[in-house]
Amino acid sequence: MNNEKWKAKLVSSSLPLEYEILKALVLQGFAVNSDYTYQRDEQGILKDFSVDIEATAYFLNSNKITASLDLLIECKQRKKNTKWLFFPDPNLSDFSPITLGYTLRCIDEFSPTTLSTNVAIKFDKKFNACIKGIEIDINDGNVYDSELRHGIYQLKYALPRLLVKLSLHNIFSNHLNDNKPFLLCPILLTNAELFVAKREINVSLVENAEQLKDIAEPVPWLMLYSDYGPDFKMHCKRIFQNSLSGILSTQEVKNLDVLRKKHGEDDFMLPSSIFNSLIKCDRFTFSRYFTQFVICSKDRFSDFTKNIKQISSGAIKKKKVEKM
40 MNNEKWKAKL
50 VSSSLPLEYE
60 ILKALVLQGF
70 AVNSDYTYQR
80 DEQGILKDFS
90 VDIEATAYFL
100 NSNKITASLD
110 LLIECKQRKK
120 NTKWLFFPDP
130 NLSDFSPITL
140 GYTLRCIDEF
150 SPTTLSTNVA
160 IKFDKKFNAC
170 IKGIEIDIND
180 GNVYDSELRH
190 GIYQLKYALP
200 RLLVKLSLHN
210 IFSNHLNDNK
220 PFLLCPILLT
230 NAELFVAKRE
240 INVSLVENAE
250 QLKDIAEPVP
260 WLMLYSDYGP
270 DFKMHCKRIF
280 QNSLSGILST
290 QEVKNLDVLR
300 KKHGEDDFML
310 PSSIFNSLIK
320 CDRFTFSRYF
330 TQFVICSKDR
340 FSDFTKNIKQ
350 ISSGAIKKKK
360 VEKM
């Protein structure tokens, strides 16, 4: 293997990119783990899969943890001159499948603390909201979406286990009044340059374009809506039935239900109701947790993490803590 080949193959493995991102996260105050593992049923056999990075930032007040921000990150190293082109949601706002506030999940329902969701809504309003993406290799002219779709699927299928881990750790590891809310965001990160198509794009404009910038605008990051199908529901059903069915009658969940109901929480948002809706694969709950993803450029990742930490801090500062 000559000198250029081994370097090209090492870079294309995404490991150097992953390690670069791990170091950047540590500099921004995150604790990091490599290869967040989950299981999928492949023709009746459970097999291990993984997402590249799980990162957690803890928010403190008087040296006590008040909340955490968890990022799930999949890294995709692409060849030089590869572009990712995304298409914006064409729907009127009332008919869009995209919900403002669902990209950064503010998950407070398993604690006595209520976070400000207005901050997450403002966060989403800054995004280009897209419903479809494609990869373009400028060098050879190939256009495909397999790597992009694969990255989103990896994140999507890893989220249920992470949600269970964080929520149950909260409920069963602390005294009720010490349960902490958490914020969660899945991110597909790439070295490819990101573009969002202009809203007036059509076949004629594409055929007459001389370069990609004629039909699209470069962006540092964006939000992608990706719905789920029957296989994902079966994947979730196995996880949630195995992990959550036995805890609905526990005193910890009952106490949390009583506390949140006492302070005005709607019945459908009580912890036991949410666990039940996860077990039943409820559409409303699944849309909230499993359909919106961040796509971020490697070159702007540090800016993005600063932004999301600032937004998360704002949600936590406006929190309301209920007591028994």
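Residue numbering for the sequence shown follows my numbering, starting at 40 and increasing by one per position.
Note that beta-carbon positions come from the ideal geometry of N, C-alpha and C, so glycine has one too.
No experiment lies behind these values; they were computed from the predicted model shown.
Which one of the options has the shortest CA to CA distance from residue i?
i, options, result
"C169", "V182, K118, R238 and L56", "R238"
"G353", "T105, V242 and K119", "T105"
"L99", "F221, D266 and K62", "F221"
"Q116", "G190, F88 and S150", "G190"
"R144", "F166, T344, F329 and V50", "F329"
"S206", "V65, L56 and S311", "S311"
"I112", "W123, N209, V90 and T121", "V90"
Give a yes or no on whether 8 Å exceeds the smallest Cβ distance from residue i to chain C.
i, result
"F69", "Going by chain labels, chain C is absent from the structure shown, which holds only one protein chain."
Excluding sequence positions up to five away, which residues of its chain have a Cβ less than 8 Å from the Cβ of residue i?
i, result
"K348", "Q67, G68, A96 and L108"
"L54", "none"
"V245", "I254"
"N72", "I92, E93 and A94"
"V65", "V71"
Beta strand (DSSP E) containing residue i: first to last residue?
i, result
"I160", "No beta strand (DSSP E) contains I160, which is instead part of the alpha helix (DSSP H) from T156 to K164."
"S73", "A70 to E81"
"A231", "Looking at the DSSP string, A231 is not in any beta strand (DSSP E), and its letter there is neither H nor E."
"Y267", "No beta strand (DSSP E) contains Y267, which DSSP labels as neither H nor E."
"S132", "It is not in any beta strand (DSSP E) - S132 carries neither H nor E in the DSSP assignment."
"F149", "Here F149 belongs to no beta strand (DSSP E), and DSSP marks it neither H nor E."
Going by other Cβ atoms of all chains shown within 10 Å of its Cβ, with 16 needed for buried, is residue i buried or exposed?
i, result
"N178", "exposed"
"M363", "Residue placement at M363 is poorly supported in this model, since its pLDDT is 48, which falls under 50; the coordinates are not used for a value here."
"H274", "buried"
"G285", "exposed"
"T153", "buried"
"E57", "buried"
Starting from residue i, follow the alpha helix (DSSP H) in both directions and report where the run begins and ends.
i, result
"Y141", "No alpha helix (DSSP H) contains Y141, which DSSP labels as neither H nor E."
"G190", "S185 to S212"
"L309", "L309 -> no alpha helix (DSSP H), and no H or E assigned at all."
Identify, in the order they occur along the chain, each residue of the same chain with its Cβ nearer than 6 Å to the Cβ of residue i, setting aside the five sequence neighbours on each side.
i, result
"I313", "E148"
"P259", "S336 and R339"
Could you tell me whether the segment 222 to 229 touches the segment 321 to 338, where touching means 3 or more Cβ pairs closer than 8 Å?
-> yes
Take every Cβ of the segment 147 to 165, pair it with every Cβ of the segment 181 to 189, and state whether three or more of those distances are shorter than 8 Å.
-> No, the segment 147 to 165 does not touch the segment 181 to 189.
For the segment 285 to 305 and the segment 138 to 145, state whether three or more C-beta atom pairs, one from each stretch, are separated by less than 8 Å.
-> no
Looking at C-beta atoms only, is the number of pairs between the segment 195 to 205 and the segment 264 to 278 that lie closer than 8 Å three or more?
-> yes
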